[in-house]
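Numbering of the sequence shown is given in the working numbering, commencing with residue -17 and proceeding in unit increments. Everything below concerns the one structure shown next.
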Amino acid sequence: MTKTTLASIRQLIGASHSPSNRFLSVIDESGQIICANTGMVKGLLISHPKTSPVNFLELLHPVHTADFWKSLRIAGGGASPVMEVFLRHEHPNPMRWQFNLLDDDGGRRTFLCVGHPLMDRERQQRFNKLAASHCQLIVEGLSGIIFQDHQGEIIAVNKKAAAILGTNLEQLYRADNISQLWETMLAVTDDNGQRVAFRDAPFLKAARTGLVQKRTLCLQLPNGDTRWVMFNAQPLPEDSDGQALVLTNIVDVTRERRLSGKLREKNAIIDGFMKSTPHLCWMVDEDTRLQFASDAFFRLFQADEKKSIGRRISEVVPSVVTDAVYQKHIEVLESGIPVELNHKVKWADGSNFICHINIFPIESNSAKRLLGGQAVIIPDNGALQHELHQANERLLHLSRATTDAIWEWDMQTGNMFRNETLMDMIGYQVDHSRGLSWWLRRIHPEDRNRVADSVRDATESQHQSWQEEYRFKCADGSYKQMRDKGFVVYENGLPVKMIGSLTDISYQRELEDKLADEKILQQKKVSETVIHMLEKERSRIGHELHDNVNQLLSTSKLFIDVLQPATDQLQLKEKSINYLLMAIEEIRNLSKELVAPQMNHGSLVDAIGALVEDINLAGKIHFSFINTLDDTDVSVGKRTTLFRIVQEHIKNIIKHSGASETNIILGATDGQIRLLIRDNGKGFDPQQTYRGIGLASIYERTKFYNGKADIQSIPGNGCVLNVSIPLAD
-17 MTKTTLASIR
-7 QLIGASHSPS
3 NRFLSVIDES
13 GQIICANTGM
23 VKGLLISHPK
33 TSPVNFLELL
43 HPVHTADFWK
53 SLRIAGGGAS
63 PVMEVFLRHE
73 HPNPMRWQFN
83 LLDDDGGRRT
93 FLCVGHPLMD
103 RERQQRFNKL
113 AASHCQLIVE
123 GLSGIIFQDH
133 QGEIIAVNKK
143 AAAILGTNLE
153 QLYRADNISQ
163 LWETMLAVTD
173 DNGQRVAFRD
183 APFLKAARTG
193 LVQKRTLCLQ
203 LPNGDTRWVM
213 FNAQPLPEDS
223 DGQALVLTNI
233 VDVTRERRLS
243 GKLREKNAII
253 DGFMKSTPHL
263 CWMVDEDTRL
273 QFASDAFFRL
283 FQADEKKSIG
293 RRISEVVPSV
303 VTDAVYQKHI
313 EVLESGIPVE
323 LNHKVKWADG
333 SNFICHINIF
343 PIESNSAKRL
353 LGGQAVIIPD
363 NGALQHELHQ
373 ANERLLHLSR
383 ATTDAIWEWD
393 MQTGNMFRNE
403 TLMDMIGYQV
413 DHSRGLSWWL
423 RRIHPEDRNR
433 VADSVRDATE
443 SQHQSWQEEY
453 RFKCADGSYK
463 QMRDKGFVVY
473 ENGLPVKMIG
483 SLTDISYQRE
493 LEDKLADEKI
503 LQQKKVSETV
513 IHMLEKERSR
523 IGHELHDNVN
533 QLLSTSKLFI
543 DVLQPATDQL
553 QLKEKSINYL
563 LMAIEEIRNL
573 SKELVAPQMN
583 HGSLVDAIGA
593 LVEDINLAGK
603 IHFSFINTLD
613 DTDVSVGKRT
623 TLFRIVQEHI
633 KNIIKHSGAS
643 ETNIILGATD
653 GQIRLLIRDN
663 GKGFDPQQTY
673 RGIGLASIYE
683 RTKFYNGKAD
693 IQSIPGNGCV
703 LNVSIPLAD
């Protein structure tokens, strides 16, 4: 933005009679206030920036300093960040501020700041009374803080509470129906999933009963997230107006809830394992008293679980068993080193069992040391072979019956098994001789090395599982997007087998791509709306300058012209009139530049032609315009964009190039709108030249319509701008 424009904005802000609830100011990148409107000066009780320097940071509570610098950085990148803060003057007034980058002014960046109070006058008065005694708690509270009246309406709330509730300060302060917010937007439920009515909210119960109310509830936030929040509502003494108040402290306990759920789930899994395992498992302390055992343990020894826990293990199991393993328990207890052994046990009925026994120490916070044990009863070889045969038969039948695509890789022999479902998915015949290399060759070349490296890394790093997504070439030559998962089996620290499943996620990926395309389309529509609003605002400012400011200057010129000064004052009168004429002309040029031609029914060609004709009247540079484009089917947005690009580049040529001749060519070839602007000026080195706002605007506007902009220039040999934008959207 030029100095003239910034000066005009300063005048507009200074003359602004905006409502008292809207604060306008311009600040520099250090936070220094350059100018501010009357509403801001009076409303915030600050000195006028022209008479006494004021920094924006002096108005903010210290807790918002970091947010302020972050907002300026974001605004410097071209965005318009919004910041909710508490101002520190007579009362900690909560406000919403928006920052917009204006431009360089003599080498420094400036920003337009627009502020709005978050509360109406009545709510502000109640807030001020409360803040007088609770200011630090409201502004600096580390947890969520809410002050409410006996009806639950919010008087004061801090940013932490707004974040926990999934909203912002503005929405909470302007809520005129807190019950609707509670029951509709938050959809509050209890531990059983039952809806909690507004009348049963902790803060209302605290107001009714005069007692502290603590309760943890589940909130369904508008963005779909589920959040567990602990409410601690504390009734307060009546204020000076006789109003009963409630202070509610809220804490996000979602993480703790989830950890608690995982712990319960883990205990349930362990308990389920102990009840389901066919093996004998037990745990004893250093006095050999039984602490825990599996159901198989109690069934084998025909012992009652409730009566057995806490007794010495020798009182629970037969002596023939305790005599065999007691000494091993002592060895492990003294050395802390696990032991394994096979032991043959002969029961009183003459039957024999061979047990493979593991005894190991258990780390615990208990005052006494603990030992764990596991015994696997090994049957005779004949019975084992029979069971293995039956197991293989069952696995074969299950493999044929399942609808999942499963595979098994014997890493010692290299053999691979793939079930019929998997082979049907990829279209090949079942052939167990096809190993890992056959499979890898059919993975897409761009994915192959990554998958092979991932398998190797998983086994070398002793990972228990492995997962990858890749493209696989099927028998018909097409590629499918696959998700492959494997579980690695280790023996003595070495990987011996990998078992996994394959899932075709091609359709899922296709849907994700469509969703991404739709998202880009929506973002483009939003950006197009923003550009439209910017053009509308530029037009409004241009008309305001032309219709109002220019009229004031013209009227002033007439008044001065009527004056009949003395002879020695005639020169002052003439200079005043000349300065007014210069200001009128400058504002007329500026307003004409701001207001784009009406493109809804007008022609882009006519608009560019009129622009070139006006410039040629000055006679400094001659512009020629050649057009072969029929722009009747070109959208209004593209026509406006092309006009702004021509306007911006012409301004750069006039200001910097020193050219005497410039050619503008507009046409369409190969489905692209082509714009070429060539001048015979002094040129420049594009690699060494800073890309200012003007050039950046050209590139960004072109990129928005998926177009390309290219500038070719050599010092001493002019400049050529080439722009191409697709005709079709």
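All residues carry an ideal CB built from backbone N, CA and C; glycine is no exception. It should be emphasised that the depicted structure is a prediction, and the values quoted were computed from it without experimental measurement.
| Asked | Found |
| --- | --- |
| Own chain residues within Cβ distance below 7 Å of residue 293, not counting five before or after | 271, 272 |
| Distance between residue 207 and residue 723 (C-alpha atoms, nearest Å) | Within the shown structure, residues of the chain are numbered from -17 to 711, placing residue 723 beyond reach of any answer. |
| Delimiting residues of the beta strand (DSSP E) encompassing residue 399 | 398 to 400 |
| Per DSSP, the bridge partner or partners of residue 358 | 338 |
| Within 8 Å, strictly: CB atoms of residue 85 and residue 65 | no |
| Presumed contact (8 Å Cβ cut-off) between residue 82 and residue 69, rounded CB distance | About 19 Å separates the two Cβ atoms, so there is no contact after all. |
| Buried or exposed (CB count within 10 angstroms, at least 16 for buried), residue 556 | exposed |
| Residue environment, residue 472, which counts as buried when at least 16 other CB atoms sit within 10 Å | exposed |
| Residue 660 - partner residues in DSSP beta bridges | 645, 702 |
| Bridge partner(s) assigned by DSSP for residue 694 | 702 |
| Residue 468 vs residue 447 beta-carbon contact at 8 Å | yes |
| Rounded C-alpha distance that separates residue 355 from residue 441 | 29 Å |
| Residues of its chain near residue 36, where Cβ-Cβ distance is below 7 Å and the 5 sequence neighbours each way are ignored | 15, 28, 29 |
| CA nearest to the CA of residue 456, picked from 425, 408, 437 | 408 |
| Supposed close pair residue 261, residue 242 - CB separation, criterion 8 Å | Contact doesn't hold; Cβ gap of about 30 Å is too wide. |
| Meets three-Cβ-pair contact criterion under 8 Å: the region 426 to 442 and the region 396 to 413 | no |
| Segment limits, alpha helix (DSSP H) that includes residue 280 | 277 to 282 |
| Buried or exposed (CB count within 10 angstroms, at least 16 for buried), residue 129 | buried |
| Option nearest residue 134 by Cα separation, candidates 161, 108, 152 | 161 |
| Alpha-carbon to alpha-carbon, residue 412 and residue 483 | 16 Å |
| Residue 705 vs residue 684 beta-carbon contact at 8 Å | yes |
| Three-way DSSP call (helix, strand, coil) for residue 429 in this model | helix |
| The alpha helix (DSSP H) enclosing residue 198, as first and last residue numbers | It is not in any alpha helix (DSSP H) - residue 198 instead sits in the beta strand (DSSP E) that spans 195 to 202. |
| Selection from 663, 343, 394, 291 that minimises the alpha carbon distance to residue 315 | 343 |
| Local Cβ density within 10 Å of residue 168, reported as buried at 16 or more and exposed below that | buried |
| Cβ pair residue 625, residue 655 closer than 8 Å | no |
| Three-state secondary structure (DSSP) of residue 373 | Low per-residue confidence applies at residue 373: pLDDT is 49, beneath 50, and the placement is therefore not dependable, though the value from the model is reported in the following sentence. Of the three classes helix, strand and coil, the one that applies to residue 373 here is helix, per DSSP. |
| Length of the line joining the Cα atoms of residue 306 and residue 429 | 57 Å |
| Whole-Å CB distance - residue 650 paired with residue 709, under 8 Å assumed | 6 Å |
| Residue closest to residue 693, alpha-carbon to alpha-carbon, out of 665, 150, 636 | 665 |
| Spatial distance of residue 178 from residue 125 (CA atoms) | 23 Å |
| Residue 267 vs residue 187 beta-carbon contact at 8 Å | no |
| Nearest-angstrom beta carbon gap, residue 183 and residue 164 [assumed within contact, 8 Å] | 6 Å |
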